[in-house]
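Engineer: Counting in UniProt numbering, the sequence shown runs from 1 upward without gaps. Glycine included, each C-beta is placed from N, C-alpha and C at the ideal position.
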Amino acid sequence: MTEQEKSYAQLLYQPADAKLTADREVTVRKLQAYNQLDPLDAAAKDRAIRGLFGNAGQNCTVQQPLFCTYGYNVTVGDNFFLNVNGKLMDSGKITIGDNVFIAPNVCIITEEHAMDIEQRRAGLEYARPVTIGSDVWIATGVLVLPGVTIGDGCVIGAGSVVAKDIPPHSLAVGNPCRVIRRLG
1 MTEQEKSYAQ
11 LLYQPADAKL
21 TADREVTVRK
31 LQAYNQLDPL
41 DAAAKDRAIR
51 GLFGNAGQNC
61 TVQQPLFCTY
71 GYNVTVGDNF
81 FLNVNGKLMD
91 SGKITIGDNV
101 FIAPNVCIIT
111 EEHAMDIEQR
121 RAGLEYARPV
131 TIGSDVWIAT
141 GVLVLPGVTI
151 GDGCVIGAGS
161 VVAKDIPPHS
171 LAVGNPCRVI
181 RRLG
């Protein structure tokens, strides 16, 4: 089993693996080019995102600057909007539905270091996928932690730290993020 296969299987893996390191270096170059594009050249930005993400639906807007770990582990649906300073830490899969709006300074994280000291010293980590449903708004400064699912129709309040799944059609806020009421 390759280190990448281990990461997809949510097993301890070595991110310093030669293939994963090479993949991250390619992504760094793609991000450098993307972040230097004319912010008003929508066609060039669209081509670049399609060359970076694993899949991008129609009407996909990603503001600069953007950071991601690999890019190819990110899938976004139609009518996707990611505002400035988006961070997609995609050692694991990040799957985002249609009609999702993400505000500035949001970080979606799939990586987590080992709890065991020796494993951590060895540089081992886990990757847990993040899934965000359709018709979701994630407000400014939210952190979405590894392994979380946010259901369809949710609103996540500014500054929230989403550490657990959020059921569909919920308004959720806080640190830790919790549901405060049902929507619709």
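Take the Cβ of Ala18 as the centre, count every other Cβ of all protein chains shown within 10 Å, and call the residue buried at 16 or more, exposed below.
Structural biologist: Exposed: under 16 other Cβ atoms inside 10 Å.
Engineer: As an exercise, report each continuous alpha helix (DSSP H) stretch of at least 4 residues that is fully enclosed by the stretch 28 to 107, in chain order.
Structural biologist: The stretch 28 to 107 contains these whole alpha helix (DSSP H) runs: 42 to 52.
Engineer: Does the stretch 50 to 65 come close enough to the stretch 105 to 114 to have 3 or more Cβ pairs within less than 8 Å?
Structural biologist: The stretch 50 to 65, when compared against the stretch 105 to 114, does not touch it at the 8 Å Cβ threshold.
Engineer: Quick one: what does DSSP say Ser170 is sitting in, helix, strand or coil?
Structural biologist: Ser170 falls in the strand class under three-state DSSP.
Engineer: Nearest to Asp170 by alpha carbon, out of Arg29, Ser160, Leu183 and Pro176?
Structural biologist: Before going on, a small fix: residue 170 reads as Ser here, not Asp. Ranking the options by Cα distance to Ser170, first place goes to Leu183.
Engineer: Throw me the rounded Cβ distance for the Ala48 and Tyr34 pair, which I believe falls under 8 Å.
Structural biologist: That belief holds up - the Cβ atoms of Ala48 and Tyr34 are roughly 5 Å apart, short of 8 Å.
Engineer: Would you say Ile132 and Ile180 are within 8 Å of each other, going by their C-beta atoms?
Structural biologist: Not in contact: Ile132 and Ile180 (Cβ atoms no closer than 8 Å).
Engineer: When you compare the CB positions of Val142 and Gly159, do they come within less than 8 Å of one another, or not?
Structural biologist: Yes.
Engineer: Give me whichever residues DSSP pairs with Leu143 in a beta bridge.
Structural biologist: Cys107 and Val161, per the DSSP bridge assignment.
Engineer: Which value, in whole angstroms, describes the spacing of the CA atoms of Tyr72 and Gly174?
Structural biologist: Those two C-alpha atoms are separated by around 30 Å.
Engineer: Buried or exposed: which applies to Asp135, given that a residue is buried once 16 or more other Cβ atoms fall within 10 Å of its Cβ?
Structural biologist: Buried: at least 16 other Cβ atoms inside 10 Å.
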